[in-house]
Structures are given as C-alpha cells and as structure tokens.
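Residue numbers (the working numbering): 3 to 351.
Glycine included, each C-beta is placed from N, C-alpha and C at the ideal position.
Remember, predicted model here, so these are calculated numbers, not experimental data.
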C-alpha cells in the first residue's frame with residue numbers, strides 16, 4: 003500500500019510540472035507560447051537604426067501571424083547613455099525576456115552586458131555597432147549581427163576609383179592627377195567609422211590613384227554636424243575639395259546641404275554609406291555621387307530569426323549562416339545612379 007501511495011504521489015508531482023514546462027521560454031527546451039524580445043538602441047533617432055527597427059517590427063508581426071505565438075518586441079532608446087542602456091538590460095532581465103538585443107552606445111562596454119546576460123542565462127545579440135571580439139567570445143550565447151565595415155569602405159572607394167578611371171575630369175576637377183578629399187567620420191573609436199575611413203582610401207590608392215587629404219573630422223553620424231564641418235572646410239579650401247568621403251548618408255546629406263547653399267562653382271563628388279531613402283533620392287537628383295547599401299531588411303530578418311531560434315530552443319546554426327560561432331554578416335552593395343531605383347524599390351518592399 004505504501005508503494006502504491008509513493009507511485010501515485012510521484013505521478014501527481016510529474017503531472018503538476020507539465021503546465022510549467024509548456025509555459026517555459028524555450029531556454030529549458032519546453033513549448034513556447036510567447037516570445038519576448040527586448041531591444042536597446044543607442045539612439046532611436048539614428049536614420050539607419052530607425053529603418054532597421056521598422057523592418058524588425060514588420061518581420062516580427064509576420065512571424066506572429068504564421069506561428070500563432072504571441073511575439074513581444076520592446077524597443078527602448080538608450081539616448082547615447084551607456085549607463086541608461088545598462089539599466090535597460092537589467093530591466094529586460096528582471097522581466098524575464100527570452101532574448102536581449104543591444105545596439106551598443108559604447109562598443110567597448112559590451113563585457114558588462116554579456117556578463118549580465120550570462121548570469122541570467124538569457125541570450126544576447128549585439129547589432130549594428132560591433133563590440134570588440136573579446137567581449138563577444140565571453141559566452142557561447144552572445145552574438146553579433148551586422149555587416150563587414152571594411153567592405154563598405156572598399157565599395158565606397160571603388161565608386162570613386164572607377165569614376166576616376168572612366169572619366170578623370172569628372173573627379174579630378176583641377177587636373178593635377180590626384181584626388182583632393184575631405185573625410186566626414188562617424189564618431190571617435192567606432193568600429194565602422196574606423197574601417198570605413200581606412201578602407202575607402204585604400205581602395206582608391208590600390209587602384210593606382212594618388213590622393214591628398216585636406217581635412218578629416220568626426221560629425222557623429224549626424225546631418226547637422228556634417229553640414230557644420232563642411233561649412234568650415236569650404237571656407238578654408240573652397241574649390242580645392244574634389245571628393246567628400248562620408249561614413250554615412252546623413253553626414254553626406256549635411257555636406258550636400260552646405261554645398262547647395264554655398265557659392266562654390268565646383269561641386270565635389272560626395273559619397274556616403276547606408277543607402278537611406280533620402281540618400282538614394284539625392285543620388286537620383288545628382289547631388290550625391292554614390293553610396294553603399296547597408297541592408298537594413300537583411301539585418302533585421304537575421305536579428306529576428308536568430309532571436310526566435312534562441313527563444314524557442316531551436317539550433318540557430320541550422321537556419322542561419324553563423325560565422326566563427328558568433329557572427330552573422332550581411333553583405334553591402336555599391337550604389338550609383340545606375341541602380342538607385344532598384345535599391346529604392348527594395349526599401350519599399
């Protein structure tokens with residue numbers, strides 16, 4: 003009789019655990035009814051980041067309809083404050099989110115967030131602003147989704163190099179056989195800014211073209227700051243500026259604003275990165291020479307697919323191309339007037 007009672011007690015206890023397993027977040031391998039994804043952004047008003055977020059929300063809604071699961075995507079603004087972003091991560095952890103995605107304010111501070119996520123056993127996905135590799139490798143469930151910034155720099159430089167070789171006078175306005183340029187950089191110490199700056203010029207010089215740097219400075223990815231810097235440079239260098247390399251389209255558009263308002267007779271070739279809608283329209287109207295397509299849709303889908311797989315207990319590597327165990331890279335594409343409409347159509351899909 004005692005054996006029978008013990009068996010019944012064990013059976014009852016096991017039955018009571020079943021509903022708990024069914025409500026598990028997937029980190030324990032149970033059935034998932036709700037997926038909660040917390041996303042902290044370095045700045046919500048950044049043009050490219052805003053575009054990426056719009057795409058991510060759309061992908062999440064599509065998956066919610068297809069899967070029948072409730073999908074919560076909570077995006078919060080870090081307001082360029084690393085301390086605030088750390089607090090936001092703490093909040094996601096305390097609310098038991100399934101996955102935390104972080105667009106770092108300070109790329110050198112990712113170790114703190116990885117440690118927090120690891121202690122809570124919540125996967126963390128960094129995106130767009132790449133942390134140092136040592137921090138990503140602190141935990142097997144830390145990932146980065148983005149693009150190869152060096153590639154964007156190379157493609158930007160190749161746009162100018164190919165134009166120079168095809169019609170030298172279009173770029174070399176003063177005919178001295180060299181390209182006089184200025185460089186608008188994103189922000190000090192930012193991985194993408196450093197690599198775009200370096201590899202854009204390397205691509206030009208690797209094509210056998212001489213360059214002369216007139217000036218470079220940071221404009222923090224912002225249109226207004228790009229315009230302010232360009233105002234200073236036009237006052238100092240005037241028509242000597244033949245090319246304006248910009249680490250993103252917003253700064254390029256700022257440079258364009260200044261050139262349009264100035265009395266300069268020679269308009270420099272201005273190139274950006276991101277292929278935002280405003281940037282593409284500037285290419286179409288001839289005020290921007292070219293840009294590099296930073297695929298917000300592709301990155302958003304990769305971020306969501308990785309988040310969903312981690313939240314539901316699936317193996318990410320079966321559906322996603324994960325490089326070196328931690329990285330998903332979405333390729334860039336060069337954009338000029340010849341394919342600006344094609345990229346615009348992609349943005350509108």
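Linking residue 200 to residue 152 through their CA atoms gives a straight-line distance of about 8 Å.
Taken through DSSP and simplified to helix, strand or coil, residue 106 comes out as coil. A distance below 6 Å between beta-carbons, with the five flanking residues on each side excluded, links residue 246 to the following residues of its chain, in chain order: 184, 257, 270, 272. Counting only residues of its own chain and dropping the five nearest sequence neighbours on each side, residue 79 has a CB closer than 6 Å to the CB of 43, 46. Of the candidates 309, 303, 301, 286, the residue whose Cα lies closest to the Cα of residue 340 is 286.
Residue range 251–263 is occupied by the alpha helix (DSSP H) that includes residue 262, with no beta strand (DSSP E) assigned at that position. From the listed residues 347, 81, 250, 114, the smallest Cα separation to residue 274 is found for 250.
Under the DSSP assignment, residue 69 falls in the alpha helix (DSSP H) whose first and last residues are 49–69. With contacts defined by Cβ atoms closer than 8 Å, residue 345 and residue 304 do not form a contacting pair. Judged by DSSP secondary structure, residue 346 falls within the alpha helix (DSSP H) whose first and last residues are 342–349.
Cβ-Cβ distances below 7 Å link residue 195 to 187, 188, 189, 249 in the same chain, with the five nearest sequence neighbours on each side left out; the list follows chain order. Taking a contact as a CB-CB distance under 8 Å, the pair residue 112 and residue 137 counts as one, their CB atoms being some 4 Å apart.
For the region 81–165, the continuous alpha helix (DSSP H) assignments of 4+ residues that do not extend past its boundaries occur at 84–96, 112–122, 135–138, in sequence order.
Spatial neighbours of residue 218 in its own chain (CB-CB distance under 7 Å, excluding positions within 5 residues in sequence) are listed in chain order as 184, 185, 187. Under the three-state reduction of DSSP output, residue 185 falls in the strand class.
Between the alpha carbons of residue 223 and residue 179 lies a gap of roughly 31 Å. By the criterion of a C-beta distance shorter than 8 Å, residue 94 is surrounded in its chain by 40, 42, 76, 102, 124, once the five residues flanking it on both sides are discounted.
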